[in-house]
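Report on one structure; see the data block that follows.
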Amino acid sequence: FTVSGDSVYYSTFDGEFYQWTPGGEAKKLDIEPFMEETDSRLLQADLQGNLYVFYSVPNPLKSDFRYLVKYDAAGKELAKQNVSLLTSQFLPYETAVDGEGRLYLIGMDKLLQFDEACNCIGTVEAPEGEMPNWLAADTAGHVYCSLYDTQDYKMSAFQ
Numbered sequence: 226f227t228v229s230g231d232s233v234y235y236s237t238f239d240g241e242f243y244q245w246t247p248g249g250e251a252k253k254l255d256i257e258p259f260m261e262e263t264d265s266r267l268l269q270a271d272l273q274g275n276l277y278v279f280y281s282v283p284n285p286l287k288s289d290f291r292y293l294v295k296y297d298a299a300g301k302e303l304a305k306q307n308v309s310l311l312t313s314q315f316l317p318y319e320t321a322v323d324g325e326g327r328l329y330l331i332g333m334d335k336l337l338q339f340d341e342a343c344n345c346i347g348t349v350e351a352p353e354g355e356m357p358n359w360l361a362a363d364t365a366g367h368v369y370c371s372l373y374d375t376q377d378y379k380m381s382a383f384q
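Residue numbers (my numbering): 226 to 384.
Structure (structure tokens):
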């Protein structure tokens with residue numbers, strides 16, 4: 226799930242997307258549900274209520290099986306990019322969006338940065354022997370990430 230303003234966005238095990246606001250009923254969004262074969266999906270909202278969805282469909286395994294899609298708050302698709310090559314060496318497991326609408330995905334040893342149209346605009350490699358653990362961003366455009374030292378088993382954070 227993810228939060229934007231006073232709304233909580235989430236997807237169900239059936240692959241459907243919902244928006245819930247305290248005091249109201251959960252509203253199903255007009256986003257095509259994920260297929261049962263989808264094995265990974267990450268959901269992140271920006272400050273305007275747009276939703277970024279990263280997902281992969283590995284069966285049958287093809288070269289174009291990972292996507293990043295941006296939807297508006299009503300569920301209309303705004304952008305879609307095949308990110309299979311960018312994520313071929315790792316599976317992203319954490320996301321964040323900064324105040325400028327840039328999306329960040331982290332995986333085993335790197336952070337990928339995307340613009341509002343889901344185009345990759347940068348990559349940051351983790352220091353050798355360290356693994357990104359969690360990710361957050363603020364409205365000023367700062368990104369925060371913790372690193373897990375796989376040799377000393379210590380955590381550190383950087384901006």
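Cβ atoms here follow ideal geometry from the backbone N, Cα and C, with glycine treated the same way.
Residue i versus residue j: straight-line alpha-carbon distance, rounded
i    : j    : result
A298 : N275 : 5 angstroms
L310 : G230 : 33 angstroms
E350 : D334 : 6 angstroms
K301 : Q269 : 15 angstroms
V228 : D323 : 13 angstroms
Y318 : P247 : 27 angstroms
E341 : G354 : 31 angstroms
Y243 : F279 : 16 angstroms
L293 : Q273 : 18 angstroms
T237 : T348 : 31 angstroms
Backbone secondary structure at residue i - three-state DSSP
i    : result
A382 : Here the model assigns A382 a pLDDT of 49, short of 50, so the residue's position is not dependable, and the following value carries that caveat. Note: A382 maps to strand in three-state DSSP.
G230 : coil
D374 : strand
N275 : coil
Y235 : strand
Y280 : strand
G347 : strand
Option nearest residue i by Cα separation, candidates the options
i    : options                : result
K253 : S371, E302, Y235       : Y235
D385 : L303, N358, Q306       : Absent from the model: residue 385. The displayed extent of the chain is 226 to 384, so no value can be given.
G326 : F290, V282, C370, G366 : G366
L316 : S281, G347, Y296       : S281
Residues that residue i bridges to, as DSSP identifies them
i    : result
P398 : Because residue 398 is not part of the residues shown, which for the chain are 226 to 384, the question remains open.
Q269 : Y277
Y296 : L276, E302
Y318 : Answer by DSSP bridge pairing: none, since Y318 is not bridged.
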